[in-house]
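Notes follow once the structure below has been shown.
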Amino acid sequence: MLDLVWLIPALPLAGFLLLVLFGRRLGEPLAGWLATLMVAGSFVATLIVYVGLLDRHHDERVFTQTLFQWMPVGNLGVDIAFLVDPLSLTMALFVTGIGSLIHLYAIGYMHGDERFSKFFLYLNLFAFSMLMLVLGDNLLVTFLGWEGVGACSYFLISFWFTRESAAVAGKKAFVTNRVGDWGFMVAMFLTFAAIGSLDYLDLFAEAEGLAESTATFIALMLLVGAAGKSAQLPLYVWLPDAMEGPTPVSALIHAATMVTAGVYLMCRVNPLLAAAPDAMWVIAIVGAATALFAATIAVAQNDIKKVLAYSTISQLGYMFLAVGSGAYVAAVFHMVTHAFFKALLFLGSGSVIHGMHDEQDMRRMGALRKLMPITAGTFIVGWLAIAGVPPFAGFWSKDEILLYAWEKSPVLWAVGLVTALLTAYYMTRQVVMVFFGRPRWEEEAEHARVGPAEEHAQEPVAASGAAAELHGDAAHGGHGGGRPHESPPIMWIPLVVLAVLSVVGGALNLPFTSDLMVLEHWLEPVFGEHLAHAHVSTAGKWTLAIIATVTSLVGIALGCLVYERRKVKAVEPKVLEQGWYVDATYAAAVDGPGRAGFDLVTTGLDAKIVDGAVNGSAGLVRMIGSRIRRLETGFVRNYALGVAIGAVGLLGWFVSRAVV
Amino acid sequence: MEVTSTWYLVLGALIFGIGSVGLMVRRNPLVMFMCIELMLNAVNLTFVTFARSLDDVAGQTVVFFVLVVAAAEVTVGLGIIVAILRRRPQATVDDVSLMKG
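The listed protein sequences correspond, in order, to chains A and B. Going left to right, the first sequence walks through residues 1 to 660 as the numbering used here numbers them. Going left to right, the second sequence walks through residues 1 to 101 as the numbering used here numbers them.
Next comes the structure, spelled out in structure tokens:
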């Protein structure tokens, strides 16, 4: 059954190719159903492989399948091959599982879009690339998928490319990811130089023998790549802007799957990290700093999706903190639960946006729970899960990360705890602003009725949040301005499934007895002795868990106090709303010194030295030519004389040799 | 006085010298052409002489090749010269100097 691995990426690829050829003819909604079926089929294939892997003995759950030789170049032999082990299969399971739910949701969400089939074409290509990334047996196949998901991310962020902001956001994501890809490539070059192979299995076998400096450098370069893809400091800036894409894209790519690729890569190369303890510290610190940093920004965002975007960055920071602490299982655990509840929250927000007729500013929402009961209910489940309230999924994984952070350093734990507090606070703020309080959208409707002149007065508000999502279809414009409504079943069914998963997801790895730690047991062969072990006593664990729970509840209470009861005035400083001015600083740096530097390179280095060398050699040849051309008189007798002189010369040479 | 191979060789060298000097000195294309023929035949004479004195038939074989090539060359060359002269009567070789650099 393990031989079916190739089917897992092949099905979405087939879907992609079919949609390329027949997408337009299939149209809506058939194209969507085809794409969904392909990913669902891929999920089934993954399940079959999973069963096959379960048949094997606990310690022998590694399987590689080589499809064909990709590039045999000297000592470098790269195959298109898949590596199936508990880690890659866990990823494949949730990528295909959540992927098919989101595909299903997108059929409803993208209803009426002119380029409906194109959207699903990209989604399927994304699923294929992501599965190549996950299942790749060597760094290069992973990199292939890595670039593939990056390209799809670009296509999908700027899916509504007629909108300037979407086009710009796509470019930003692409360029920022290039910086990370540079790190990945340098890491690959170094790996090949150090061990002469890019295969993971070779890397694992040789990692221990690497010099610590080499291992550290490779690990740090991989971290640069992972930080780009997983939106960590300082390369996170593209993710908030990526919210310009359609909401299913945000849920699938920018919350559940693609952005976890960096964490996956770090887990994948765990034997290498074990040989580089300094790199582990860097990873942990980057993770903790990102978690706290992004959480502070999320507190002051007014766009419903931006809050979730910063929240995603923050949660990814948690995962890096876990990796840095050696708690790979906790990282994967949080990756899975986060995929459940963040996909749920994003799809929920998409449902709200859909129901509000493409309104994204939370200041114009409120009291939606009565009009959208299912969306509200599932969103609240997601909120409790991400806030870390037991027994929801997020609590278990976050608690485990905090436990190992404590083990690594109490400072990291404290940062994690403050982040947890902020997380609970800003998520409460969001839920209250969207689903409780006054129905502010009614006021907007009043304004709209007064006349078109009022429209201009509202524009600054729209500009400060992200631009409202314009579907560009008449179906929505037709009843725009009406009352918010619940979304169709095709959209809320995935919400309900994800909500259930967000509730019970914690059961994957309950810390009470070792029998209940299913995920840890399952992943153990991958991480082996590299896995950190907590030395905290049971009482200590309980204390940490209780502190974490109390922190979450305090955060929720604070949020309620500020936004629901309005007892305390909300603190939303401009500096946080602007994301600590990081974007502005980057822009200023690139536009000022950066542009000056590049100008220097173009006018100085390129124009003078590079062009100088080219023009100089041309000039030299021209000068020599102008002298030599005088020899060419065009008179036949001159040429004949030349031949005669040559002949005499040759004759003289032969004669002189014969004489001597 | 016996006519030895040396006589033939000296004659060949003289004819070759006349031919080559004529080629470089004269401007009339037809005369230059004849000079070339002189040179070719001087070489032929030398070949035949050596073939006889060394008793090697290869020398005579080469002469046949030279004759064939010379015939072909005359055909092409005369064609070109006739074309030029038809266009510009009285033309000398120095008038055709498009190869001037």
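The beta-carbon is built from N, C-alpha and C at its ideal position, and this holds for glycine as well.
Along chain A, which residues have their Cβ under 7 Å away from the Cβ of ASP94(B)?
Sequence index remark: in the second sequence, residue 94(B) carries index 94 (1-based). Result: PHE635.
Name, in chain order, the residues that DSSP records as bridge partners for GLY136(A).
Numbered from 1 along the first sequence, position 136 holds the residue referred to as residue 136(A). Note: GLY136(A) sits in a beta bridge opposite PHE82(A).
For LYS541(A) and SER397(A), what's the separation of their Cα atoms in angstroms?
Mapped onto the first sequence, residue 541(A) falls at position 541. Mapped onto the first sequence, residue 397(A) falls at position 397. When rounded, the distance between both Cα atoms is 14 Å.
Buried/exposed call for VAL461(A), threshold 16 Cβ in 10 Å
Position 461 of the first sequence, counting from 1, holds the residue named residue 461(A). With a pLDDT of only 41 at VAL461(A), under 50, the local geometry of the prediction cannot be trusted, and the value read off the model is given with reservation. Under this definition VAL461(A) is an exposed residue.
For SER53(B), which residues in chain A fall below 7 Å Cβ to Cβ?
As a position in the second sequence, residue 53(B) is number 53, starting the count at 1. Those do not exist, as SER53(B) stays about 18 Å from chain A at its closest Cβ, beyond 7 Å.
With a threshold of 16 other CB atoms inside 10 Å of the CB of TRP653(A), please say whether the residue is buried or exposed.
Numbered from its first residue, the first sequence carries residue 653(A) at position 653. Around the CB of TRP653(A), fewer than 16 other CB atoms lie within 10 Å, so the residue is classed as exposed.
So, at 6 Å on beta carbons, what are the nonlocal neighbours of ILE98(A) in its own chain, with the 5 sequence-adjacent residues on each side left out?
Locating residue 98(A) in the first sequence gives position 98, counting from the first residue. Here the set comprises ALA256, ALA339 and ALA343.
Could you have a look at TRP70(A) and say whether DSSP puts it in helix, strand or coil?
Translated into positions along the first sequence, residue 70(A) becomes position 70. Correct three-state label for TRP70(A): strand.
Please report the straight-line C-alpha distance between ALA453(A) and ASP241(A), rounded to a whole angstrom.
Taking the first sequence and counting its residues from 1, one reaches residue 453(A) at position 453. Taking the first sequence and counting its residues from 1, one reaches residue 241(A) at position 241. A caution first: ALA453(A) carries a pLDDT of 41, below 50, which makes its placement in the model unreliable, though a value can still be read off. Whole-angstrom Cα-Cα distance: 30 Å.
For a quick check, are the C-beta atoms of LEU347(A) and ALA251(A) less than 8 Å apart?
Residue numbering aside, residue 347(A) sits at position 347 when the first sequence is read from its first letter. Residue numbering aside, residue 251(A) sits at position 251 when the first sequence is read from its first letter. Yes, Cβ-Cβ distance for LEU347(A) and ALA251(A) is below 8 Å.
In the DSSP assignment, find the unbroken alpha helix (DSSP H) run with MET243(A) in it and report its ends.
Here the question's residue 243(A) lines up with position 243 in the first sequence. DSSP places MET243(A) in no alpha helix (DSSP H); its state is neither H nor E.
Taking only beta-carbon positions, decide if ALA644(A) is within less than 8 Å of chain B.
The count along the first sequence starts at 1 and reaches residue 644(A) at position 644. For ALA644(A), at least one C-beta of chain B is nearer than 8 Å to its own C-beta.
ASP79(A) classed as buried or exposed, judged by whether at least 16 other C-beta atoms fall within 10 angstroms
What you label residue 79(A) is simply residue 79 of the first sequence in a count that begins at 1. By the C-beta density criterion, ASP79(A) is buried, having at least 16 other C-beta atoms within 10 angstroms.
Please classify LEU47(A): does DSSP put it in a helix, a strand, or coil?
By one-based count along the first sequence, residue 47(A) stands at place 47. Of the three classes helix, strand and coil, the one that applies to LEU47(A) here is helix, per DSSP.
Output the boundary residues of the alpha helix (DSSP H) element that contains ALA382(A).
In the first sequence, the residue the question calls residue 382(A) occupies position 382. Sequence check: residue 382(A) is Gly here, not Ala. Unbroken alpha helix (DSSP H) run through GLY382(A): 373 to 387.
Following the continuous alpha helix (DSSP H) through CYS267(A), name the residue where it begins and the one where it ends.
Here residue 267(A) refers to the residue found at position 267 when the first sequence is read from its first residue. Unbroken alpha helix (DSSP H) run through CYS267(A): 261 to 268.
Could you give the distance in angstroms between the alpha-carbon of VAL614(A) and the alpha-carbon of LEU620(A)?
Walking along the first sequence from the start, residue 614(A) turns up at place 614. Walking along the first sequence from the start, residue 620(A) turns up at place 620. Looking at the two C-alpha atoms, the distance is approximately 10 Å.
So which of GLN60(B), LEU38(B) and MET32(B) has the shortest CA-CA distance to ILE81(B)?
Mapped onto the second sequence, residue 81(B) falls at position 81. Nearest option by C-alpha distance: MET32(B).
Can you tell me which of the three DSSP states GLN65(A) falls into?
What you label residue 65(A) is simply residue 65 of the first sequence in a count that begins at 1. Collapsing the DSSP output to three states places GLN65(A) in a strand.
Provide the residue(s) that pair with GLY77(A) in DSSP beta bridges, ordered along the chain.
As a first step, residue 77(A) is located in the first sequence; it is residue number 77 there, counting from the start. BP columns for GLY77(A) point to PRO72(A).
For the candidate residues ALA274(A), TYR122(A) and GLU400(A), whose alpha-carbon lies nearest to that of VAL249(A)?
As a working note, residue 249(A) is residue 249 in the first sequence. Of ALA274(A), TYR122(A) and GLU400(A), the residue nearest in Cα terms is TYR122(A).
Can you tell me which of the three DSSP states ASP358(A) falls into?
Taking the first residue of the first sequence as 1, we reach residue 358(A) at position 358. ASP358(A) falls in the coil class under three-state DSSP.
Quick one: Cα of VAL497(A) to Cα of GLY382(A), how far?
As a position in the first sequence, residue 497(A) is number 497, starting the count at 1. As a position in the first sequence, residue 382(A) is number 382, starting the count at 1. Put simply, the backbone Cα of VAL497(A) is about 12 Å away from that of GLY382(A).
Chain-order list of residues whose beta-carbon lies under 6 Å from that of ARG26(B) (same chain, five-residue window excluded):
Taking the second sequence and counting its residues from 1, one reaches residue 26(B) at position 26. Taking ARG26(B) as the centre and dropping the five residues before and after it, the same chain places the C-beta of MET32 closer than 6 Å to its C-beta, in chain order.
Give me the residue from ALA151(A), PHE155(A) and PHE94(A) with the minimum Cα distance to THR260(A).
One-based indexing of the first sequence puts residue 260(A) at position 260. A check of alpha carbon separations from THR260(A) across ALA151(A), PHE155(A) and PHE94(A) identifies PHE94(A) as the nearest.
Which two residues bound the contiguous alpha helix (DSSP H) that contains VAL568(A)?
In the first sequence, the residue the question calls residue 568(A) occupies position 568. Counting along the chain, VAL568(A) falls outside any alpha helix (DSSP H), and DSSP gives it neither H nor E.
Apart from the five residues on each side of it in sequence, which residues of its chain come closer than 6 Å, Cβ to Cβ, to LEU156(A)?
The residue you call residue 156(A) lines up with position 156 of the first sequence. Excluding residues within five positions, the ones whose Cβ falls inside 6 Å are TYR122, GLY245 and VAL249.
Any idea what DSSP makes of ASP591(A), helix, strand or coil?
Walking along the first sequence from the start, residue 591(A) turns up at place 591. Assigned with DSSP and collapsed to three states, ASP591(A) falls in helix.
Can a CB atom of chain A be found closer than 8 Å to the CB of SER20(B)?
Sequence index remark: in the second sequence, residue 20(B) carries index 20 (1-based). Yes, SER20(B) counts as interfacial toward chain A.
Could you list which residues in chain A have their beta carbon closer than 8 Å to that of MET24(B), in chain order?
To locate residue 24(B), count along the second sequence from 1; it is residue 24. Within chain A, the residues ARG637, ALA640, LEU641 and ALA644 have their CB atoms less than 8 Å from the CB of MET24(B), given in chain order.
Buried or exposed, going by whether 16 or more other CB atoms sit within 10 Å of the CB of ASN75(A)?
In the first sequence, counting from the first residue as 1, residue 75(A) sits at position 75. ASN75(A) is exposed by the Cβ-count criterion.
For PHE68(A), count neighbouring C-beta atoms within 10 Å of its own C-beta (all shown protein chains included) and say buried if the count is 16 or more, exposed if not.
Taking the first residue of the first sequence as 1, we reach residue 68(A) at position 68. Result: exposed.
Out of PRO234(A), LEU11(A) and GLY23(A), which one is the CA nearest neighbour of GLU668(A)?
In the structure as shown, chain A starts at 1 and stops at 660, and residue 668(A) therefore has no counterpart that could be examined.
Counted within 10 angstroms of its Cβ, other Cβ atoms place MET188(A) as buried (16 or more) or exposed
In the first sequence, the residue the question calls residue 188(A) occupies position 188. Burial call: buried.
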